[in-house]
Every structure is written in C-alpha cells, then in structure tokens.
Amino acid sequence: MSSDPQDPTGMRRGLTSYGDAGFSLFLRKAFIKGAGYSDSALDRPVIGIADTGSGYNPCHGNMPQLLEAVERGIMLAGGLPVRFPTISLHESFAHPTSMYLRNLMAIDTEEMLRAQPMDAVVLIGGCDKTVPAQLMGAASAGGPAVQLITGSMLTGSHRGERVGACTDCRRYWARFRAGGVDDAEIAAVNDQLVPSVGTCSVMGTASTMATIAEALGMTVPGGATPPAVTADRMRVAEASGAAAVNAAKQRITIDRILTPEAFENALRVLLAIGGSTNAVVHLAAIMGRRGLSLDLQALDRMGRETPVLIDLKPSGQHYMEDFHAAGGVATLLRELKPLLHLQAMTITGRTLGEELDRAPPPFSQDVVKPLSKPLHAQGGIAVLQGNLAPGGAIIKQSAADPKLMEHEGRAVVFENAADLAERIDGDGLDVNADDILVLKNIGPKGAPGMPEAGYLPIPRKLARAGVKDMVRISDGRMSGTAFGTIVLHVTPESAVGGPLAYVRTGDRIRLSVGKRELMLLVAEEELEKRRQASPVSEPAAERGYRKLFLATVTQADRGVDFDFLQPAATGKVPRT
Ligand code: FES
Ligand code: MG
C-alpha cells in the first residue's frame, strides 16, 4: 500500500512494503504465502486485529464471533485482516492483581504494533485493564487504531430480583456476612450474577472505560454499550473493521485522536457517568503516553460543574443493557454537548459533533437524565488534599453516604492486607461505627499492584449490628462496582513513606468533602518523631518483572505506569 515502509511514529506499514526491499521482502512474502495468501490478497491495506481471547477471560468470551465480524468488516472495506495474540487480563484471574500486569499488556501491545507490519489495528478489549492497556500501548506505538469493546454481560435473575456483576455480588456477600442470607441462597445467587460472557454489567471500570473510549473518539459511534452477546455488538465489530481500513487509507493516526480536547471530553464523561475511580488512574496513564499529565485540582474543579446524568449501578439503579436501550453514549453526549469539545476528531475521520448530528434522534427514556435535571448536581469524583495526602486522594461521592461527607473520627489502623484479614472480623476488635478504618500498604508498590482492597469490609460485629457504611481510607483502589464512603489513592503511598505510613490507631482524622480536605490531626513534630523512630524502607525485588515493576512504577497521580514509558510531560489536562 505504501512506499513509506517505516512510519515516523513507529508503526510499520503494509505487509509487503515492510522493511527493506529485495531479498528480505521476497522471503517475507514467501513465508506469508505459506499460509495460503495470493499476491492480490496481500496488495491491500493490512489491518492487524489484537486477539485477546483466553480461557481465563470470560469477559472476552465472545472473541471468536467478534474476530469473524471484524474480519468481515475489513474485507468488505477492501482490507486484509491479520489476527495476532497479545496477553489477556481478567480481574479475577490475574495474581497478584490485574493492575500489576496492566503495564505488561501495554508493553506487549505496543511492541507487537511496532514489530508486525500493519496499516492500522483493531484492538479488542473489554475487561477492566485491557482497554487501558491497549490504549496506552497504541498511544505509544502511533499509527491508526480502532478500539473494539467486547461488550457487557447480560443481567441475571435471582428469586425474581434482577442481579448483575458485581455490585450485587458485594451486596449479597455483605448480607451473607451479616447473617441475612444462608448457605443455600448464596450458592444459588452465585449462578445468576454472571449469566453470560461479557464484562460486568454495571458502571464499573470496564463499562466506564468503554464509555470513555467512545467519548475519546477511539471506537466507532455506538461502540461502548451493546452487550457482548447481541447482534448490535457484532455489527459494531463489523463497523470497527471497516473503520480501521478507512483510518488506514486516510492515515487517521492516534495522535490526532488523543488530544487534550479529547481527554477533557473523557474526564467530563467520567464525571457525568459517576464512573469508576480506577478510570482516573487509567486516564492519567494514557495521557502520560501522549506527554500530558493529569491535573487533579483542575479535575476537581471540572467535577464541581459536571452533574451526574446516568442512573446506573453502583451510583444509581440501571445496568449497561438499559443504557444501550436508552441510546447509549450518544444520548449522554447530546445532553453534555454544552460541556464538550465537539470539534475533537474521532477514528471515523469525522468530529465528535458531526457524529452526534448523525446519531439516531433522541427519544423518551429514563436512564440518562437531562442536564437540567441531573441525578447528582456534582460529578461523581472529588479530589481531596491535606497533610494525610499531599499528592491527593479521591472519593467517589456519588456512591458514598451523604451523612459521612463531613466526618471526624478516631483512626483504627491496619498495617497491611494480611493484618486486615486477620483482625477485621474478630469480636475483640476495638472499633465503633464513628471510627475511621485505615489500611496501609496497598498502594502501587505496597502490595504491589495497587489492589482493589480499598473497599474495606465493615467489621463483622458492626455489620451484624446494622452498620452499612463507615469512612475508610487507604492508598489502594476499589472496584468500580463498589460503593461506600471510601477514600482511595492516598498519595504518596505508605510503602514509599507517605504520611499514611505514620498513622496510628487512636489518631484523629478529619474528612471534609465540602472543603476537599483530608487531615491527620497530629502535630508535625510528632509525625517527624515517628518517621525517625521507624523509617520506611521501600519494597524491592531480586529479579524479573517484579523488580522492573517496583523499581519504575509511578504513583497513582501519574497513572501507575512505568516511568520509562512516559515521555516528559509538556502539558496538563484538564487545561484551566
Ligand atoms: Fe471483567 Fe468485571 S471481571 S469486567
Ligand atoms: Mg472491576
């Protein structure tokens, strides 16, 4: 296709125009012809398809049908599809955490895009870390890329009640812990929580990142919401293949899509959907690959003027399939129009505004609220600062108890996840409903991989007494499907000697979401004494990926990416 075999951004173009001329091209063609290709098949845009199917990843369980539909779309548009594998990550089958492995998947994706000849790529992802990893890798590799989402799972039904992963998983487990659900019922509901292949059916991290990918312009219009097992999803896959051929022909490279305007649109949408807090970390990482850094204070200001419009669990009541039936992301973006950069380019070659004008007309529905009548007046995520979190912390206020937004209490401290597991359910634990639970050492380096352990359980004796929510603070993350008054991503983390490391049981802590403040009410001299008495030694490893991870991983505010994968930042987003 091209006479310019080495793209300046690093992606290698065209199967037959790859590398040097003469004998090596002759050899390369000979080898690919071993798979039965003709010269005519090879003489067209080559579209790679990142196949992330895996027996360990039911969230990608529709991969065979998706691949077939993408290939059909590519061939109908005159391209040659070539599948290739990368690693795949599922939330429940990635030890120690999927976050620990996200950067490995990003490196795999980036290097395969660089190594293999292709004019564009369709990236197929869905489960929480896969879409961020693919966008990070593609942002670094350059070249045209279309994100295809695997799609959400269906909802199930338990004794007449609609259930879905995994807000209801947590709700049922909490009831089981409190003694309200017996062994037989908890086993029965286990069959219904994940009733099909696809990603979690609430506005958790996977749905949040799917919605954000569409808002960024990285998917075809309508690409975020069709459930995994539907015909709509397969049509999106076919359209994604065709879009990739068009993007290859028009050279719609990813740097034209992932601009500051697009990231501001994405942050706006994250706030308006009451989306997963994990997306703050992932967006910081994707921006970092484009030389942009996330300005947490500016994000907080944006949050104050962005209402939550989507009524989906865990902040509201509906599921992803309802969002799709309500018209999907176009319905949302139409409401948000006054707050968006409509001139942002999308992977179709048209702007976001042009795509909105082409979207099906609005109709009456109750999942996406109008801008004039929001679900919450302010955005889902607030950024906190104070002497306990000099580098910031976040709270998902849309999923928290309003009564705990202004709260001062006594700290009950757990040194790490093992300490928590050992003591939280003991009858002897000295804890009251007004106390603040603090968990250390679950940050990027602490656990390592910043596990979703920030959703500390209510101590069993309090749960039995009917306590449903408490202020909980950690340097970890929480699942996008969880809810509660939970302060996350405390930066710097305790494992690198952040102030969190020196909190002791009995200290007073003050949370003020109104003032965006997180204060440890202990004198600086006392904290300095504690620092001198027990200095923190940062975790390190002898060999392998763990050594690389611990030596180079950044803090939450920079996306928990490896420092050597991010170019020096040249700008901040959101811009004020
Ligand atoms: Fe894959 Fe929830 S476990 S999206
Ligand atoms: Mg999750």
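Note that my numbering has the sequence shown beginning at 53, numbered continuously upward.
Note that beta-carbon positions come from the ideal geometry of N, C-alpha and C, so glycine has one too.
Keep in mind that this is a model prediction, so the values were computed, not measured.
- For A185, the shortest separation between its Cβ and any heavy atom of ligand 1 does not lie below 7 Å.
- Each of R610, G189 and D220 was checked against the Cα of A445, and the nearest Cα belongs to R610.
- In the structure shown, S424 falls within a coil segment according to DSSP collapsed to helix, strand and coil.
- Cα atoms of S192 and D307: separation of roughly 9 Å, rounded to the nearest angstrom.
- The nearest non-hydrogen atom of ligand 1 is less than 7 Å from the C-beta of S144.
- Not one heavy atom of ligand 1 lies closer than 7 Å to the C-beta of D487.
- Taking non-hydrogen atoms of ligand 1 into account, the C-beta of G208 is found less than 7 Å away from none of them.
- Pairing G501 with S90, the inter-Cα distance amounts to about 46 Å.
- A Cβ-Cβ separation of about 19 Å leaves N298 out of contact with A93 under the 8 Å criterion.
- Ligand 1 approaches A258 closely enough that one of its heavy atoms is under 7 Å from the residue's Cβ.
- At least one heavy atom of ligand 1 lies less than 7 Å from the C-beta of A217.
- The straight-line gap separating the alpha-carbon atoms of A197 and G528 is approximately 31 Å.
- Here R560 is not near E467, since their CB atoms are 8 Å or more apart.
- Between the alpha carbons of D453 and M522 lies a distance of about 8 Å.
- Going by DSSP, E162 is part of the alpha helix (DSSP H) stretching over S150 to A167.
- Residue S450 holds the alpha-carbon nearest to the alpha-carbon of V565 among L579, P184, D180 and S450.
- Counting along the chain, F466 sits inside the beta strand (DSSP E) bounded by residues E458 to F466.
- Three or more Cβ pairs drawn from the stretch 110–130 and the stretch 194–212 lie within less than 8 Å of each other, which places the two stretches in contact.
- Annotated as proximal: I488 and R462, with beta-carbon spacing under 8 Å.
- The straight-line gap separating the alpha-carbon atoms of G596 and L602 is approximately 10 Å.
- For T149, the shortest separation between its Cβ and any heavy atom of ligand 1 does not lie below 7 Å.
- In this structure, C218 places its C-beta atom within 8 Å of the C-beta atom of S531.
- M270 and G74 have their C-alpha atoms some 37 Å from each other.
- The beta carbon of A300 sits closer than 6 Å to those of P97, D171, A172 and P196, all from its chain and outside the five residues before and after it, given in chain order.
- Check the Cα spacing between E143 and each of F415, L408, K181 and A441: the tightest is with K181.
- D103 has P137 as its beta-bridge partners, per DSSP.
- At the C-beta level, P366 and T533 come within 8 Å of one another.
- Using a cutoff of 7 Å, the CB of C221 does not count as near ligand 1, since none of the ligand's heavy atoms is closer than that.
- Distance from the CA atom of E458 to the CA atom of S328, rounded to whole angstroms, is 22 Å.
- Ranking N330, M571 and I538 by CA distance to the CA of P442 puts M571 first.
- Fewer than three beta-carbon pairs drawn from the stretch 404–415 and the stretch 333–340 are found closer than 8 Å, and the two stretches are therefore not classed as touching.
- Excluding sequence positions up to five before and after R516, its CB lies within less than 6 Å of the CB of A230, all in the same chain and listed in chain order.
- In the three-state DSSP reduction, I304 falls in the coil class, being neither helix nor strand.
- Per DSSP, reduced to three states, the secondary structure at F75 is helical.
- DSSP, read as helix, strand or coil, puts R562 in strand.
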